[in-house]
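Below: one structure, written as structure tokens.
Number of protein chains: 2
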Amino acid sequence: MSQATQSVEQWGCFELRLTGSAEGNPFLDTTLSVEFTLGSRVISVDGFYDGDGVYKARFMPEIQGLWKYQTVSNRSELHGHTGTCTCVRPGTGNHGPVRVVDPYHFAYADGTPYHPVGTTCYVWSLQGDELERQTLETLKLAPFNKLRFCVFPKRFIFNQGEPPSYPFPGEVRGTPAIVFSLRPNPNPPPDFWDFSRFNPAYFQHLEQRVGDLQALGIEADLILFHPYDFGAWGFDRMPPEVNDRYLRYIVARLAAYRNVWWSFANEYELLFERTVNDWDHYFQLVQQTDPYGHPRSIHNIKDFYDHRKPWVTHCSVQHSDTARAVEWQRQYGKPVVIDECGYEGNINMSWGDLSPQEMVQRFWLGFANGCYIGHGETYWNPEEVLWWSKGGTLRGESVARIAFLREVIEAAPGAGIVPLSPLRFDAMNSMAEVLAAFEASDDAAAIVGGFAFSILAGGHSGTDYYLFYMGPHQPSFQEYDLPTGSFRIDVLDTWEMTVTCVAENASGHVRVTLPTRPYQAIRIVRQE
Amino acid sequence: MSQATQSVEQWGCFELRLTGSAEGNPFLDTTLSVEFTLGSRVISVDGFYDGDGVYKARFMPEIQGLWKYQTVSNRSELHGHTGTCTCVRPGTGNHGPVRVVDPYHFAYADGTPYHPVGTTCYVWSLQGDELERQTLETLKLAPFNKLRFCVFPKRFIFNQGEPPSYPFPGEVRGTPAIVFSLRPNPNPPPDFWDFSRFNPAYFQHLEQRVGDLQALGIEADLILFHPYDFGAWGFDRMPPEVNDRYLRYIVARLAAYRNVWWSFANEYELLFERTVNDWDHYFQLVQQTDPYGHPRSIHNIKDFYDHRKPWVTHCSVQHSDTARAVEWQRQYGKPVVIDECGYEGNINMSWGDLSPQEMVQRFWLGFANGCYIGHGETYWNPEEVLWWSKGGTLRGESVARIAFLREVIEAAPGAGIVPLSPLRFDAMNSMAEVLAAFEASDDAAAIVGGFAFSILAGGHSGTDYYLFYMGPHQPSFQEYDLPTGSFRIDVLDTWEMTVTCVAENASGHVRVTLPTRPYQAIRIVRQE
Numbered sequence: 002m003s004q005a006t007q008s009v010e011q012w013g014c015f016e017l018r019l020t021g022s023a024e025g026n027p028f029l030d031t032t033l034s035v036e037f038t039l040g041s042r043v044i045s046v047d048g049f050y051d052g053d054g055v056y057k058a059r060f061m062p063e064i065q066g067l068w069k070y071q072t073v074s075n076r077s078e079l080h081g082h083t084g085t086c087t088c089v090r091p092g093t094g095n096h097g098p099v100r101v102v103d104p105y106h107f108a109y110a111d112g113t114p115y116h117p118v119g120t121t122c123y124v125w126s127l128q129g130d131e132l133e134r135q136t137l138e139t140l141k142l143a144p145f146n147k148l149r150f151c152v153f154p155k156r157f158i159f160n161q162g163e164p165p166s167y168p169f170p171g172e173v174r175g176t177p178a179i180v181f182s183l184r185p186n187p188n189p190p191p192d193f194w195d196f197s198r199f200n201p202a203y204f205q206h207l208e209q210r211v212g213d214l215q216a217l218g219i220e221a222d223l224i225l226f227h228p229y230d231f232g233a234w235g236f237d238r239m240p241p242e243v244n245d246r247y248l249r250y251i252v253a254r255l256a257a258y259r260n261v262w263w264s265f266a267n268e269y270e271l272l273f274e275r276t277v278n279d280w281d282h283y284f285q286l287v288q289q290t291d292p293y294g295h296p297r298s299i300h301n302i303k304d305f306y307d308h309r310k311p312w313v314t315h316c317s318v319q320h321s322d323t324a325r326a327v328e329w330q331r332q333y334g335k336p337v338v339i340d341e342c343g344y345e346g347n348i349n350m351s352w353g354d355l356s357p358q359e360m361v362q363r364f365w366l367g368f369a370n371g372c373y374i375g376h377g378e379t380y381w382n383p384e385e386v387l388w389w390s391k392g393g394t395l396r397g398e399s400v401a402r403i404a405f406l407r408e409v410i411e412a413a414p415g416a417g418i419v420p421l422s423p424l425r426f427d428a429m430n431s432m433a434e435v436l437a438a439f440e441a442s443d444d445a446a447a448i449v450g451g452f453a454f455s456i457l458a459g460g461h462s463g464t465d466y467y468l469f470y471m472g473p474h475q476p477s478f479q480e481y482d483l484p485t486g487s488f489r490i491d492v493l494d495t496w497e498m499t500v501t502c503v504a505e506n507a508s509g510h511v512r513v514t515l516p517t518r519p520y521q522a523i524r525i526v527r528q529e
Numbered sequence: 002m003s004q005a006t007q008s009v010e011q012w013g014c015f016e017l018r019l020t021g022s023a024e025g026n027p028f029l030d031t032t033l034s035v036e037f038t039l040g041s042r043v044i045s046v047d048g049f050y051d052g053d054g055v056y057k058a059r060f061m062p063e064i065q066g067l068w069k070y071q072t073v074s075n076r077s078e079l080h081g082h083t084g085t086c087t088c089v090r091p092g093t094g095n096h097g098p099v100r101v102v103d104p105y106h107f108a109y110a111d112g113t114p115y116h117p118v119g120t121t122c123y124v125w126s127l128q129g130d131e132l133e134r135q136t137l138e139t140l141k142l143a144p145f146n147k148l149r150f151c152v153f154p155k156r157f158i159f160n161q162g163e164p165p166s167y168p169f170p171g172e173v174r175g176t177p178a179i180v181f182s183l184r185p186n187p188n189p190p191p192d193f194w195d196f197s198r199f200n201p202a203y204f205q206h207l208e209q210r211v212g213d214l215q216a217l218g219i220e221a222d223l224i225l226f227h228p229y230d231f232g233a234w235g236f237d238r239m240p241p242e243v244n245d246r247y248l249r250y251i252v253a254r255l256a257a258y259r260n261v262w263w264s265f266a267n268e269y270e271l272l273f274e275r276t277v278n279d280w281d282h283y284f285q286l287v288q289q290t291d292p293y294g295h296p297r298s299i300h301n302i303k304d305f306y307d308h309r310k311p312w313v314t315h316c317s318v319q320h321s322d323t324a325r326a327v328e329w330q331r332q333y334g335k336p337v338v339i340d341e342c343g344y345e346g347n348i349n350m351s352w353g354d355l356s357p358q359e360m361v362q363r364f365w366l367g368f369a370n371g372c373y374i375g376h377g378e379t380y381w382n383p384e385e386v387l388w389w390s391k392g393g394t395l396r397g398e399s400v401a402r403i404a405f406l407r408e409v410i411e412a413a414p415g416a417g418i419v420p421l422s423p424l425r426f427d428a429m430n431s432m433a434e435v436l437a438a439f440e441a442s443d444d445a446a447a448i449v450g451g452f453a454f455s456i457l458a459g460g461h462s463g464t465d466y467y468l469f470y471m472g473p474h475q476p477s478f479q480e481y482d483l484p485t486g487s488f489r490i491d492v493l494d495t496w497e498m499t500v501t502c503v504a505e506n507a508s509g510h511v512r513v514t515l516p517t518r519p520y521q522a523i524r525i526v527r528q529e
């Protein structure tokens with residue numbers, strides 16, 4: 002049997018649909034994989050059971066041309082199907098999946114630089130269509146190009162209801178007394194799930210939302226495990242073989258979505274029963290089964306996972322001191338994304354009550370050092386619909402400033418900004434190191450040399466572009482010795498979102514006049 | 002020969018004046034000391050040559066009663082003078098010298114708590130009478146009870162003129178090219194000073210200013226050595242025997258002023274030629290010759306001196322992260338005074354361009370943790386009279402907020418605030434430590450327990466008083482489990498300088514409503 006040739010755009014999703022038997026437990030009993038071939042290139046993808054006797058396999062072609070496929074299964078009705086699909090040029094807005102480049106930055110597969118400007122709505126896709134549509138409407142106008150959210154439902158403050166459906170067949174019985182605690186929960190999972198099967202409808206809905214994000218140009222940073230269960234459903238404590246089967250299933254279903262990222266956990270240390278070996282194993286399993294190498298990381302509450310391990314593509318970090326991102330960039334040799342630095346909001350949690358000024362400052366401290374910071378929002382409201390957990394609408398004042406920052410960063414040349422950290426006096430250990438840093442300063446560092454380094458974060462791209470951020474500093478002037486050439490100098494008010502050109506065709510020693518006001522940045526761009 | 006009995010108040014300054022020969026070099030050739038006796042107590046003080054054949058010795062009696070004295074000298078006309086002085090009760094506003102107590106706090110000798118709220122005017126006393134009087138007028142209305150300043154003149158940006166007089170006889174020849182550099186200066190001192198003598202008029206003027214501060218209730222934190230010479234005068238590179246003679250001379254002249262503190266250096270590491278042994282020696286020399294044990298410390302640019310050494314009374318620190326003061330309190334076991342955390346101002350230096358909000362935040366982060374922070378101001382003006390260097394007038398917005406903070410701290414019971422640092426999540430190294438801190442939390446810590454620790458700095462005094470500061474956090478509410486008893490709860494807006502009582506006679510579990518605004522603090526005070 003074969004099907005007619007279908008057309009799919011490069012980095013689009015080709016879906017092969019087969020029908021077979023629903024008898025027994027197809028999740029356990031049926032194997033299905035599909036080999037896609039173009040010339041000497043063979044990509045084997047796992048299929049999955051989608052319920053009601055329907056089996057599917059998805060493929061994201063990365064090369065244009067005529068791909069042939071054939072199916073392999075232990076069930077005769079699924080075995081030996083062949084066909085072709087034609088991969089054509091990508092449509093508008095389709096730049097392909099995001100990859101690490103440079104080695105501290107990201108780009109889409111077509112080479113377009115990608116600077117992650119993320120936000121978090123942990124369980125936005127489990128809120129029902131009305132609220133989920135509102136979230137998508139909000140995202141349409143927001144500056145975010147990455148969204149972190151969970152596969153599993155979440156039980157936590159301001160989010161204590163039941164989701165519309167569950168990832169496994171079964172029915173919740175009883176209402177457990179929820180105790181939010183940082184202490185380990187010694188109980189086994191409840192016995193009301195059939196962990197040997199999945200609920201396809203649950204994952205179909207998830208896929209729909211991943212596709213909705215893709216249409217908006219937003220990467221879906223999927224959190225595969227999280228600890229916010231507190232005895233409600235036990236999805237944080239499933240048997241090891243279920244965890245593995247779940248990972249294979251979600252990779253089979255979702256890897257062909259070009260905007261997917263794999264975040265192995267949120268606050269992984271709070272999943273007390275897992276060892277580092279378990280996490281290593283999950284990483285390796287997904288690395289081996291995802292044919293496309295989507296970005297992989299894992300998010301801490303306190304102690305970082307060792308991001309030097311080869312299966313980690315970038316550092317996903319929780320930390321409030323975003324100025325330190327540049328240290329971790331050097332330590333781990335990979336891009337640093339502080340996905341959680343705290344939330345603009347006003348709840349009674351130290352991580353969820355930042356002023357918008359503080360949030361914007363945390364963004365600039367990271368971005369001006371060539372790292373990436375994620376947003377979140379936790380303004381209390383009587384409906385208890387907090388963006389951080391459920392999505393909905395954005396109420397804060399940082400969002401507009403983050404949009405301004407994104408424009409600034411995207412206007413910088415190259416893949417991303419190179420930090421100027423040698424002159425970060427505060428981060429140094431001794432006067433000897435300070436003096437050594439002065440001696441060792443290169444062209445880029447030299448222009449902020451001498452005593453006049455009010456910058457808190459600063460970066461460059463070779464000798465064509467410099468960006469300095471001053472945070473709570475408010476100098477009325479700064480002086481620079483420019484490299485050879487001619488430069489435009491702009492003063493950026495990162496809070497007021499203004500760009501003021503203060504010099505054109507500047508060269509040599511320049512004095513830049515500034516308002517006596519915090520949250521200023523200086524941008525110096527070569528003009529010829 | 003004897004003089005008539007004079008009366009001096011406790012902790013006042015008794016001065017014995019003798020005339021003798023001005024021949025030869027009295028600074029080198031003449032020895033003079035005076036033994037003061039009351040009962041079994043004998044205090045020997047060094048005299049000093051004050052020029053024009055006048056020799057003096059000063060004594061600060063610490064016990065009321067009739068003190069007898071007799072002089073000892075290698076010159077017959079100065080030897081064997083006897084007399085008495087009656088030490089009477091201290092006058093209004095005279096609480097005696099400041100001592101370390103508790104062990105992290107300070108008190109005057111009469112037991113009155115002393116919370117250092119300092120500022121810096123490095124060479125205010127070398128600016129001529131008009132400006133010096135203006136500085137004193139400003140201080141009269143300011144909240145500061147400690148002033149850091151230098152004995153020696155200073156050459157640095159915004160302060161490049163010559164002082165009205167010099168500490169040694171001689172005349173400046175030529176105008177050296179001043180290069181402000183963090184690199185060692187290899188040159189010897191210029192040859193135009195007679196380092197074998199002092200200029201008494203220079204020190205008389207210094208004493209007058211120390212006395213002026215005493216009258217205003219302000220401690221004089223005298224900086225004995227500093228590196229801001231840059232080849233101008235060479236006071237940063239005098240021969241070792243001159244350094245020692247200078248220290249003996251200034252102790253002989255000034256130790257009897259009850260408001261004197263000894264700061265052995267500003268940014269001691271920049272005095273590149275000195276070793277740690279040299280600093281140890283200076284400390285010990287002053288410790289041995291100052292009969293009253295005035296506070297002794299030394300100020301860093303980067304690497305702290307080892308404040309655990311027994312001759313250090315308290316930690317004088319330069320650091321921008323004032324939240325860390327509490328770490329050093331524990332590390333060194335002594336009070337921590339961050340005398341320099343940056344300056345409110347707008348010059349082109351990262352240490353001199355802080356917004357007033359940032360300065361006030363740095364103050365609260367230290368004080369609410371039971372440590373002490375110092376102020377400074379560097380607003381550029383056409384006259385180039387910057388408070389930090391020359392004094393004059395205060396232009397900033399932090400001063401009024403510091404006055405408010407001082408009132409809050411002085412209204413707290415006990416010698417000072419005990420930090421609640423176990424719950425400073427950010428400062429912890431691992432989740433294990435976080436969990437251990439929860440387990441170990443005492444009564445005081447427990448009231449900020451659970452997840453709800455938005456505090457950045459917090460302290461208590463037993464179970465009667467709690468103070469929490471939230472900085473850039475803006476929770477709309479906080480919840481506490483109060484200890485047994487009945488409490489008043491105030492919300493303090495540290496920027497707007499308001500105190501709002503939000504509960505009277507509160508007990509048990511309480512919810513405190515807050516404005517969604519940064520820079521708030523919560524104070525909980527026992528009412529019965």
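Sequence order for the protein chains is A and B.
Per this note's numbering, residue 2 is the first one in the first sequence, and the count goes up by one each step.
Per this note's numbering, residue 2 is the first one in the second sequence, and the count goes up by one each step.
Idealized CB from N, CA, C, for every residue including glycine.
- Excluding residues up to 5 positions away in sequence, G472 lie with their Cβ nearer than 6 Å to the Cβ of Q362/A in the same chain.
- Collapsing the DSSP output to three states places L127/A in a helix.
- Contact between the region 106 to 116 of chain A and the region 124 to 131 of chain A is absent: fewer than 3 CB-CB pairs across the two stretches fall below 8 Å.
- By the rule that beta-carbons nearer than 8 Å mark a contact, L366/A does not touch chain B.
- Between M350/B and chain A, the shortest Cβ-Cβ separation is below 8 Å.
- Following the DSSP letters along the chain, one finds K69/A inside the beta strand (DSSP E) bounded by residues G66 to S74.
- At the C-beta level, W263/B and V287/B come within 8 Å of one another.
- Spatial neighbours of R76/B in its own chain (CB-CB distance under 6 Å, excluding positions within 5 residues in sequence) are listed in chain order as G21 and T31.
- Ranking V318/B, W280/B, N301/B and F159/B by CA distance to the CA of P311/B puts W280/B first.
- The distance from the Cβ of F145/A to that of I219/A is about 6 Å, consistent with a contact at the 8 Å cut-off.
- Residues of the region 467 to 496 of chain B that bring their beta carbon within less than 9 Å of a beta carbon in chain A comprise M471, G472, P473, H474, Q475, P476, S477, F478, Q479 and E480, in sequence order.
- Within the region 368 to 392 of chain A, those residues whose Cβ lies closer than 7 Å to any Cβ of chain B are, in chain order, W381.
- Rounded to the nearest whole angstrom, the CA to CA distance from E268/B to P164/B is 21 Å.
- Residue pairing of T87/B in beta bridges, as defined by DSSP: S8/B and L67/B.
- Here the region 246 to 256 of chain A makes contact with the region 283 to 299 of chain A; the two share three or more CB pairs at distances below 8 Å.
- When 8 Å is used as the limit between beta carbons, S317/B is near no residue of chain A, the shortest such separation being about 17 Å.
- Comparing alpha-carbon positions, the option among I348/A, E398/A, G40/A and V337/A lying closest to Y373/A turns out to be V337/A.
- Secondary structure note for D491/A: its beta strand (DSSP E) is the uninterrupted segment F488 to D494.
- Under the DSSP definition of a beta bridge, T514/A partners with F478/A.
- Beta-bridge analysis with DSSP links A58/B to L17/B and G48/B.
- Burial check for G81/A: the Cβ neighbour count within 10 Å stays below 16, so the residue is exposed.
- Here P185/B has F273 and E274 as same chain residues with Cβ atoms under 8 Å from its own Cβ, once five neighbours each way along the sequence are excluded.
- At a cut-off of 8 Å between C-beta atoms, D354/A counts as an interface residue with respect to chain B.
- With its beta carbon at least 8 Å from every one in chain A, S166/B lies outside the interface.
- DSSP, reduced to helix, strand and coil, places V101/A within a strand of the structure shown.
- When Cβ pairs closer than 8 Å are counted between the two stretches, the region 10 to 20 of chain B is seen not to touch the region 502 to 512 of chain A, the count staying below three.
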